[in-house]
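Adding 1458 to a residue's 1-based position in the sequence shown gives its number in our numbering. Even glycine gets a Cβ: it sits at the ideal position worked out from N, Cα and C. First comes the structure, then the notes that go with it.
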Amino acid sequence: MAEGKNVLLGIFAIFLGLIIMAFPLISVFTVSVLAGFTLMILGIWLFVQSFETWDSSKAMSIAYLILGILAIILGIGLFGRIVAFSIFAALWIYIGGLFLVITGILSLFSDSSTASRGAGGLGIIMGILYMILGMYAWNPYYLALLIGLWLIIAGIMEFFKPSK
């Protein structure tokens, strides 16, 4: 059983999950503002890094510059836009599910051991579940429900996490 910091984090996650489920549009708006702001800060940092690494590696500097510009554009596009954030999150979840299915299939056929086949089958099942959830996440209400449920489950799991 958990103690101290784990219990506090678990209670906070459950409370936050319930608030997100109670106020879905305000919550998705808040998350879109935070994600947009974070991406803009990341883009600015990558942009600055591109000038600092110009002397050591021109290819890395150009990669930082391109990634910085893309992060700034994406951050501006997500900042305060509920529908844009829902579409971005849905695509992110759906593509993650697609990768899980692909790696599950590869794991299923790459090794003949039982553990590898079990992990591959579980990867395929989880990938299909992620793809289904990604289809529902297009709607901001369902996205808030998914985020809230995830926080509640993560909060409950914090109670059973062993403390160090």
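Of all C-beta pairs linking the segment 1578-1587 to the segment 1552-1569, three or more are shorter than 8 angstroms, placing the two stretches in contact. When C-alpha distances from residue 1591 are compared across 1544, 1575, 1484 and 1573, the shortest belongs to 1544. Here DSSP, grouped into helix, strand and coil, assigns residue 1516 to helix. Under the three-state reduction of DSSP output, residue 1596 falls in the coil class, being neither helix nor strand.
In terms of CA proximity to residue 1531, 1497 leads the group 1513, 1517, 1518 and 1497.
Within the same chain, Cβ atoms closer than 7 angstroms to the Cβ of residue 1547 are found at 1595 and 1601, the five residues on either side in sequence being excluded.
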